[in-house]
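Each residue of the sequence shown is one higher than the one before, starting from 5 at the first, in our numbering.
Positions of the beta carbon are idealized from the N, C-alpha and C atoms, including for glycine.
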Amino acid sequence: MQAKYVSKNGELVESGDANISVYNKALFFDFAVYSNIKVVGGKMFLPELEIEKLLESAAAIGIKYEVERDELVKWAEKLVEKNELKDALIRILLVGPEVDNEVQLFMFPVGLTFYPKQFYQQGVKLIIYKGERFFPTAKTKNLLMSYLAYQEAVKREALDALLVDRDNNIIEGTRCSFYVIKGDELIVPPASKTLEGITKKIILEIALQILSVREADIPLASITGYDEYFISATTMKIMPVREIDGQVVAEQVGEKTRELQRLFAEYAEKT
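Set out below in structure tokens:
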């Protein structure tokens with residue numbers, strides 16, 4: 005999907021005019037952060053929180069940006085209206101300053117992925133990939149390792165790759181968060197090692213209605229020792245996992261995962 009209009013520093017311009025120089029050193033050295041706002045039926049899903057995460061990521065790597073969150077939400081609203089967007093993902097790219105350029109912010113619509121129903125009903129396949137994200141708590145444009153891991157997942161006909169750190173603990177997917185359930189406990193990798201996205205934040209909040217929640221390392225060596233497994237992302241919502249690196253870890257979607265899917269759907273409906 006390529007929309008006719010994009011937003012460049014709050015100004016709506018035709019997509020062909022939203023350019024950035026190949027000589028921009030900030031972009032060349034990946035001194036940039038990004039975030040995504042989901043649009044369904046013409047309505048943005050929690051844009052304030054997505055923009056807040058963008059600004060947090062910017063601060064984490066030293067990018068100072070003075071425009072207020074509410075103003076950025078208005079820019080996104082104008083972009084949705086101008087392009088008459090129904091179902092889309094608004095990608096926000098914030099490029100840091102350099103000697104001759106101020107901070108630049110781009111908003112541009114891309115296609116929204118809708119996954120097959122059987123993914124949610126039967127679970128999906130993931131692979132394992134050794135690698136760690138640089139600045140794991142920030143959503144930076146340094147995406148080479150994630151890109152290579154995802155390409156390997158595609159090659160092996162999996163939905164995504166789970167990243168494993170130097171201590172052989174599973175951290176997260178290249179584009180999703182990872183969760184396991186043992187008994188009445190939801191376990192997630194430590195926040196200091198992962199990207200705390202908006203969808204994950206919501207899940208950890210609603211999970212407290214039915215489960216206790218704990219942060220802990222998830223060793224690859226004991227990956228078959230849990231009861232239920234699932235991943236989440238802006239476009240995925242809550243997606244059960246059936247297979248990891250060729251090994252079936254769950255024959256069917258667990259009851260607690262299904263209940264979390266229901267609670268998340270209720271939350272999204274009210275938002």
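Nearest-angstrom beta carbon gap, residue j and residue i [assumed within contact, 8 Å]
{"i": "Gly100", "j": "Phe35", "result": "4 Å"}
{"i": "Leu199", "j": "Glu176", "result": "7 Å"}
{"i": "Val128", "j": "Met243", "result": "6 Å"}
{"i": "Gly46", "j": "Lys82", "result": "Gly46 to Lys82, Cβ: 13 Å. No contact."}
{"i": "Thr178", "j": "Ser196", "result": "Not confirmed; about 19 Å, so no contact."}
{"i": "Val168", "j": "Lys134", "result": "5 Å"}
Start-to-end residues for the alpha helix (DSSP H) that takes in residue i
{"i": "Pro101", "result": "First-last for Pro101: undefined, no H or E at that position."}
{"i": "Leu36", "result": "Here residue 36 turns out to be Ala, not Leu, going by the sequence shown. Run containing Ala36: none in the alpha helix (DSSP H); it sits in the beta strand (DSSP E), 36-44."}
{"i": "Met149", "result": "148-159"}
{"i": "Phe164", "result": "The question names Phe, but residue 164 is Asp in the sequence shown. From DSSP, Asp164 is part of no alpha helix (DSSP H) but of the beta strand (DSSP E) over 164-168."}
{"i": "Val77", "result": "73-87"}
{"i": "Ser61", "result": "51-64"}
Rounded separation between residue i and residue j - CA only
{"i": "Lys78", "j": "Asn146", "result": "28 Å"}
{"i": "Asp231", "j": "Glu259", "result": "10 Å"}
{"i": "Asn173", "j": "Glu52", "result": "32 Å"}
{"i": "Pro194", "j": "Asp221", "result": "7 Å"}
{"i": "Leu215", "j": "Val192", "result": "12 Å"}
{"i": "Phe295", "j": "Val26", "result": "Within the shown structure, residues of the chain are numbered from 5 to 275, placing residue 295 beyond reach of any answer."}
{"i": "Asp188", "j": "Thr228", "result": "17 Å"}
{"i": "Leu279", "j": "Arg262", "result": "A question about residue 279 goes unanswered here, because the residues of the chain that appear run from 5 up to 275."}
{"i": "Ala153", "j": "Thr144", "result": "16 Å"}
{"i": "Ala211", "j": "Glu270", "result": "13 Å"}
{"i": "Glu156", "j": "Asn28", "result": "30 Å"}
{"i": "Asp171", "j": "Leu16", "result": "47 Å"}
Three-state secondary structure assigned by DSSP to residue i
{"i": "Pro193", "result": "coil"}
{"i": "Phe268", "result": "helix"}
{"i": "Glu136", "result": "coil"}
{"i": "Phe182", "result": "strand"}
{"i": "Phe11", "result": "The question names Phe, but residue 11 in the sequence shown is Ser. Ser11: strand per DSSP, three-state reduction."}
{"i": "Thr141", "result": "coil"}
{"i": "Val114", "result": "strand"}
{"i": "Ser25", "result": "coil"}
{"i": "Gln251", "result": "strand"}
Residues of its chain near residue i, where Cβ-Cβ distance is below 6 Å and the 5 sequence neighbours each way are ignored
{"i": "Thr238", "result": "Asn40, Lys42, Thr203"}
{"i": "Arg1", "result": "Absent from the model: residue 1. The displayed extent of the chain is 5 to 275, so no value can be given."}
{"i": "Ile207", "result": "Ser236"}
{"i": "Val114", "result": "Met5, Leu93, Arg95"}
{"i": "Ser11", "result": "Trp79, Leu83, Met111"}
Same chain, Cβ closer than 8 Å to residue i, neighbours up to 5 away in sequence not counted
{"i": "Val107", "result": "Ile67, Lys68, Tyr69, Leu98, Val99, Gly100, Pro101"}
Sequence-distant residues of its chain with Cβ nearer than 7 Å to residue i (five each side left out)
{"i": "Met240", "result": "Tyr119, Cys180"}
{"i": "Glu18", "result": "Lys8, Tyr9"}
{"i": "Asn13", "result": "Gln108, Leu109"}
Limits of the beta strand (DSSP E) - the one that residue i falls within
{"i": "Tyr233", "result": "232-237"}
{"i": "Asn173", "result": "173-177"}
{"i": "Ile242", "result": "241-248"}
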